[in-house]
Ligand code: GCW
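Numbering (our numbering), first residue to last: 547 to 1262.
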């Protein structure tokens, strides 16, 4: 804790000098994320006052809450609150739990329903004085409440009359870092890993504390620090010491550390001959390893496992099932209250089997066979984080197993660093999908929050988009995806628009003339990407390997299901994947399986996902499928141009540094949207052999697009 206290003291200095540095037009790198605490603009701000902060007993978490409130209130309201232990004036803020604060205890607030992590913010009268309380059952609840209050003030909401009680709906709200031992990040587009392994355990950087603050501000309570394509070295004694130092730094912020584990670690680290989950020596190795980790990190969260997937070792190497593997690990973690997050991202290397069906085929027969501290981590769609997929049919098909959602926050398939794509709408679409598991209303949100089938473990994981870049995420707008992930993990039923509004106000300003167009732009942005990359239900036609740019022609690589034509199936007759024939449609409950079985009742946004459709098929617009495909690609390009026009009008409302980054990245996005449109249409036209509508002909011949070197795109 000593290290942590010293860091808070150092940061306090920064707080005191911060107002001197802040003028409205000061260039901002984006490092402060949505925790900028700039003075609330007079014209939009409510006349809020906080004269004193009243605290009780201290703890590292309560200190973090008090520190954050002092910093935030000083920045936002222009005056540092006094520090007090009693209520002696109006407009004081009292924080704590009934245990930490006698003032809170005396108020007898209705805290029971808040559970371990919830908070209550409410105006009260104490000894005749106007006061506001942030109360909770636990210190971490107080910290969450502190951030919630600061959010209200940053959003220029009046404090008078505030009465908020909030409790997270899911238990595990975790980031998955795909960070490697050597500091690289798989699918990372924001610089190197934030974990400075060589400097640990002695040194924890300021960035890690700011990372923890940002996560706590949106309720994230766990972090898996290493890639699911895991290196066994993360389980070695040297690394456990480093991980323990990191866990110590994260603990005050309510964040537990988890590790991805390599299935064959007992062989690689322990010198065993096998990693068979039913071999007692293997289990003994894992037991000793778990005990060792918990000695160093008493609140260690548990393990995340990618097994028998994309070449990773796993229990099937020994003819055991995923349940055999998960349960063995679960048993060794059980005495320590740890969980196993077992990934369902598996697909057979058999071109005769539709890849989209494989996870269901593999896992549904295992329903009910997992220990109660195993949670199956399922990607939102059955393939792989595409711009649009229907929800994975595993949601709704395993009532006797805890399922958690895996979203990707990093935009591997949605333009990576530069393209503006707000993923709130993608997450919302997945979470509000109805599985019909127990009839209407059996939404994916209710599967993963555990309420549908009454599971004790519930959760959401997000593959992080965080790196060492000045702005953390590779772009300012990518920060919104980290933000919305956390907010939706806390409440899977919160609306994407409401969260975008919150984020814009905190990240930029509260001027409605700015907020409204920017939120509108964000809300349309993901559909724009769908349209210029994979309209009408197309999927996985990105360039091989790096997934940057179009590659519908791509047939490189050893596996059929890693080739683009496997997915789009374009031929002289039409385009799309017949997933009635493949058996995929039957994996959904009624009425979805009947709806998706017919072209006429399949939503057009998913048409080519479910059906191979004739080029001349008449769409709802009256166009043929070919004409519609062209129109959708064009619409995607037009929508990016519209985003550019919106942003150009807002130059005076944003600091120059962040303004310019967004402007430049939108220009890149526009150039690449045109590339996507032209390359895909040039390619599909060889099959459709239908004329291009006037004005749409791609500028270059197909071969030119096919030979584009990485990082380049044709001049529009
Ligand atoms: O999205 C794909 C990525 C791989 C990733 C894999 C997975 C970590 O292309 O880079 O590997 O999925 O989710 O395991």
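Just so you know, even glycine gets a beta-carbon here, dropped at the ideal spot from N, CA and C.
Just so we're clear, the structure is a prediction, and the values are computed from it rather than from any experiment.
- Secondary structure of residue 1028 (DSSP, three-state): helix.
- Just so you know, the alpha carbons of residue 913 and residue 867 end up roughly 12 Å apart.
- Around the Cβ of residue 1017, a 10 Å sphere holds 16 or more other Cβ atoms; the residue is buried.
- Collapsing the DSSP output to three states places residue 769 in a strand.
- With contacts defined by Cβ atoms closer than 8 Å, residue 968 and residue 1046 form a contacting pair.
- With a cut-off of 7 Å, the C-beta of residue 638 is classified as distant from the ligand GCW, since no heavy atom of the ligand falls inside that distance.
- Residue 1249: member of the alpha helix (DSSP H) spanning 1248-1252, first to last residue.
- As summarised for the segment 874-932, the continuous alpha helix (DSSP H) elements at least 4 residues long and confined to that stretch are 904-909, given in chain order.
- Only buried fits residue 610, as 16 or more other CB atoms lie within 10 angstroms of its CB.
- With a cutoff of 8 Å on beta-carbon distance, residue 1110 and residue 721 are scored as not near each other.
- Residue 701 sits in coil when the DSSP states are folded into three classes, being neither helix nor strand.
- Three or more Cβ pairs drawn from the segment 1215-1222 and the segment 1077-1096 lie within less than 8 Å of each other, which places the two stretches in contact.
- Judged by DSSP in its simplified three-state form, residue 1006 adopts strand.
- In the DSSP assignment, residue 952 falls within the unbroken beta strand (DSSP E) covering 948-954.
- Between the ligand GCW and residue 957, a heavy atom-to-CB distance of less than 7 Å is absent.
- In the structure shown, residue 970 falls within a helical segment according to DSSP collapsed to helix, strand and coil.
- Per DSSP, the unbroken alpha helix (DSSP H) holding residue 1192 starts and ends at 1171-1194.
- By the neighbour-count criterion, in which a residue is buried when 16 or more other Cβ atoms sit within 10 angstroms of its Cβ, residue 710 is exposed.
- At a Cβ-Cβ threshold of 8 Å, residue 1023 and residue 1208 count as neighbours.
- For residue 1183, the shortest separation between its Cβ and any heavy atom of the ligand GCW does not lie below 7 Å.
- In this structure, residue 921 sits away from residue 938, with a CB-CB distance that is not shorter than 8 Å.
- Classified as exposed, residue 728 has fewer than 16 neighbouring CB atoms from the shown chains inside 10 Å of its CB.
- If the five residues before and after residue 1170 are omitted, its C-beta is found closer than 6 Å to the C-beta atoms of 1162, all from its own chain and listed in chain order.
- Following the DSSP letters along the chain, one finds residue 648 inside the alpha helix (DSSP H) bounded by residues 648-653.
- Taking all protein chains shown into account, residue 1005 has 16 or more neighbouring C-beta atoms within 10 Å of its C-beta and is therefore buried.
- As summarised for the segment 670-757, the continuous alpha helix (DSSP H) elements at least 4 residues long and confined to that stretch are 685-700, given in chain order.
- The Cβ atoms of residue 874 and residue 809 do not sit closer than 8 Å to each other.
- Using a cutoff of 7 Å, the CB of residue 901 does not count as near the ligand GCW, since none of the ligand's heavy atoms is closer than that.
- Residue state for residue 1256 is assigned as coil, using DSSP reduced to three classes.
- When C-alpha distances from residue 663 are compared across 742, 766, 675, the shortest belongs to 766.
- The beta carbon of residue 816 sits closer than 6 Å to those of 831, all from its chain and outside the five residues before and after it, given in chain order.
- For residue 604, there is no enclosing beta strand (DSSP E), as DSSP marks it with neither H nor E.
- Nearest Cα to residue 1234 within the set 1007, 1042, 1159, 1090: 1159.
- For residue 804, the enclosing beta strand (DSSP E) starts and ends at 802-807.
- For residue 577, same chain residues with a beta-carbon under 8 Å away, outside a window of 5 residues either side, are 756, 1016, 1017, 1018 in chain order.
- With a cutoff of 7 Å, residue 774 counts as near the ligand GCW, since its C-beta is closer than that to a heavy atom of the ligand.
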